[in-house]
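To start, the structure under review is shown below, and the notes come after it.
In my numbering, the protein residues as written are 306 to 382.
Right, here's the structure in full:
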């Protein structure tokens, strides 16, 4: 019969080594503006200023007027 401890041992086989899990803080080049910034980790490739400006860009709201051709009723074609 398998114990909880046996299951934990097996699940640890699938974890990345500790040195690969750590956040690697450091200086990086922003992918948007090409300026150097202090990154929070390898997941962080866009500087704070560019992230803020990305958040302020709004996509246009759909107006509800568009009906795709394949869904348009024959009476409106």
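Beta carbons: idealized from backbone N, C-alpha and C, even for Gly.
Residue 380 counts as exposed, since fewer than 16 other beta carbons sit within 10 angstroms of its beta carbon. Residue 356 carries a helical assignment under DSSP once its states are collapsed to helix, strand and coil. Counting along the chain, residue 342 sits inside the beta strand (DSSP E) bounded by residues 341–344.
Taking residue 354 as reference, the option from 345, 346, 335 and 372 with the minimal CA-CA separation is 335. As DSSP reads the structure, residue 334 sits in a beta bridge with 341.
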